[in-house]
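Asker: Below: one structure in structure tokens.
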Amino acid sequence: MDLDALSAIDMHVHVEQDGHGHLSLDQELMDASAAYFRATDNRTPTVADLAERYRAAGMAAVVFTVDAGTATGHRPLSSEDIAAECAEHADVLVPFGSVDPHRGSAAVEQARRLVKEYGVRGFKFHPSLQDFAPDDRAFAPLWSALEELGVPALFHTGQNGIGAGLPGGRGLKLRLSNPILLDDVAADHPGLTVILAHPSVPWQAEAISMATHKANVYIDLSGWAPKYFPPELVRAAGGQLRHKVLFGSDYPLITPERWMSDFAELGLKEEVLPGIVKGNAVRVLGLDR
Numbered sequence: 002m003d004l005d006a007l008s009a010i011d012m013h014v015h016v017e018q019d020g021h022g023h024l025s026l027d028q029e030l031m032d033a034s035a036a037y038f039r040a041t042d043n044r045t046p047t048v049a050d051l052a053e054r055y056r057a058a059g060m061a062a063v064v065f066t067v068d069a070g071t072a073t074g075h076r077p078l079s080s081e082d083i084a085a086e087c088a089e090h091a092d093v094l095v096p097f098g099s100v101d102p103h104r105g106s107a108a109v110e111q112a113r114r115l116v117k118e119y120g121v122r123g124f125k126f127h128p129s130l131q132d133f134a135p136d137d138r139a140f141a142p143l144w145s146a147l148e149e150l151g152v153p154a155l156f157h158t159g160q161n162g163i164g165a166g167l168p169g170g171r172g173l174k175l176r177l178s179n180p181i182l183l184d185d186v187a188a189d190h191p192g193l194t195v196i197l198a199h200p201s202v203p204w205q206a207e208a209i210s211m212a213t214h215k216a217n218v219y220i221d222l223s224g225w226a227p228k229y230f231p232p233e234l235v236r237a238a239g240g241q242l243r244h245k246v247l248f249g250s251d252y253p254l255i256t257p258e259r260w261m262s263d264f265a266e267l268g269l270k271e272e273v274l275p276g277i278v279k280g281n282a283v284r285v286l287g288l289d290r
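Residue numbers (this note's numbering): 2 to 290.
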């Protein structure tokens, strides 16, 4: 990957379809999230689609799926296949894996295999969709394994677009995505980089406090158009957390171009922008090593 040739690294991009047409979510959840975000681009991109799109944009992207098989009963996309396909597009794609925490030791072994055999550089978790509390000690062996492997863990936090507008939110529990549940994880595993995905509404203060307090906690700015960011997040991103926040779009739900356009209007100092859109991600992902 030629870092100098890239204008930005998008830390939060979803693979939504495999080469056989299987989707990452069932159709009801897919349709509800598309309506919530008013998505305009291809809602179900494959790895190849993402490589083409981000190469044309002059950006790199961290791509992943979410394995929520136990909670949803829906067969997940294969993280192994995603990683193998990303290897064919290593100039613009960085693969993250996803494992189902409910699978216990099998999830730990899968995580080890994904890193050591498939070159995965981190993991994505969605506590509400996967229906687990990250601070439950039952999952500590998984966090210990990721700490040992030296790869970051990216967690959905805050409001959920998945299930939005459906009766009971399709059973997804928002409390599981309160970022404070990750404070124990970060404290007990100081060698694990914990990334809090999205503005953590309605718990933004907790996320800012954690990223300020713990050297191993970061925030990615995906999932919201920047013009809607909570004011306290904008202040922190341009100030004390300028080295701890990361550009992310949540594509295909928000396009990176829309995110960049909105972000430019926030009035942040020019000198903080390169770190937020690329430099901080290079460091977190170890791309400079």
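Even for Gly, the Cβ is constructed at its ideal location relative to N, Cα and C.
Cβ of glycine 249 within 8 Å of any heavy atom in the ligand GTP?
Answerer: The model depicted lacks the ligand GTP and carries no ligand whatsoever.
Asker: Please state if the CB of serine 34 and the CB of valine 67 are separated by a distance shorter than 9 Å.
Answerer: Contact flag unset, no.
Asker: Quick check on alanine 108: buried or exposed, where buried means 16 or more other Cβ atoms within 10 Å of its Cβ?
Answerer: buried
Asker: Is it buried or exposed for tyrosine 55, if we count other Cβ within 10 angstroms and need 16 for buried?
Answerer: Buried, because 16 or more other Cβ atoms sit within 10 Å of the Cβ of tyrosine 55.
Asker: Could you give the first and the last residue of the continuous beta strand (DSSP E) run that contains isoleucine 220?
Answerer: 218–221
Asker: Check whether the segment 126–134 and the segment 168–182 are in contact - that is, three or more C-beta pairs closer than 8 Å.
Answerer: Inter-segment contact for the segment 126–134 and the segment 168–182 is present: three or more beta-carbon pairs are separated by less than 8 Å.
Asker: Do you know whose CA, among Ala187, Ser25 and Gly123, lies nearest leucine 288's CA?
Answerer: With distances taken between Cα atoms, leucine 288 lies closest to Gly123.
Asker: Is the beta carbon of aspartate 221 less than 9 Å from the beta carbon of alanine 187?
Answerer: no
Asker: Would you tell me roughly how many angstroms separate the C-alpha atoms of serine 223 and leucine 234, rounded to the nearest one?
Answerer: 12 Å
Asker: Is DSSP giving isoleucine 181 helix, strand or coil here?
Answerer: helix
Asker: Under a three-way DSSP split, which group does valine 63 fall into?
Answerer: Note: valine 63 maps to strand in three-state DSSP.
Asker: Whole angstroms is fine: what's the gap from valine 218's alpha carbon to glycine 172's?
Answerer: Valine 218 and glycine 172 have their C-alpha atoms some 28 Å from each other.
Asker: So isoleucine 255 is in the beta strand (DSSP E); what residue range does that whole segment cover?
Answerer: Counting along the chain, isoleucine 255 falls outside any beta strand (DSSP E), and DSSP gives it neither H nor E.
Asker: Going by C-alpha to C-alpha distance, which of Gly268, Ala139 and Tyr252 sits closest to proline 232?
Answerer: Minimum Cα-Cα distance from proline 232 among the listed residues Gly268, Ala139 and Tyr252 corresponds to Gly268.
Asker: Restricting to Cα atoms, I'd like to know which of Tyr252, Ile255, Leu254 and Arg236 is closest to valine 246.
Answerer: Arg236
Asker: Would you mind reading off the limits of the alpha helix (DSSP H) that contains methionine 12?
Answerer: Taken as a continuous stretch (DSSP letters only), methionine 12 belongs to no alpha helix (DSSP H), being part of the beta strand (DSSP E) at 9–15.
Asker: Can you pull the DSSP bridge partners for proline 96?
Answerer: Val64
Asker: Please classify proline 191 as buried or exposed, where buried requires at least 16 other C-beta atoms within 10 Å of its C-beta.
Answerer: exposed
Asker: Which class does alanine 226 belong to by DSSP, given the choice of helix, strand or coil?
Answerer: coil
Asker: On the criterion of 16 or more Cβ atoms from any shown chain inside 10 Å, does glycine 22 qualify as buried, or is it exposed?
Answerer: exposed
Asker: Taking the alpha helix (DSSP H) that alanine 112 belongs to, which residues open and close that run?
Answerer: For alanine 112, the enclosing alpha helix (DSSP H) begins and ends at 106–119.
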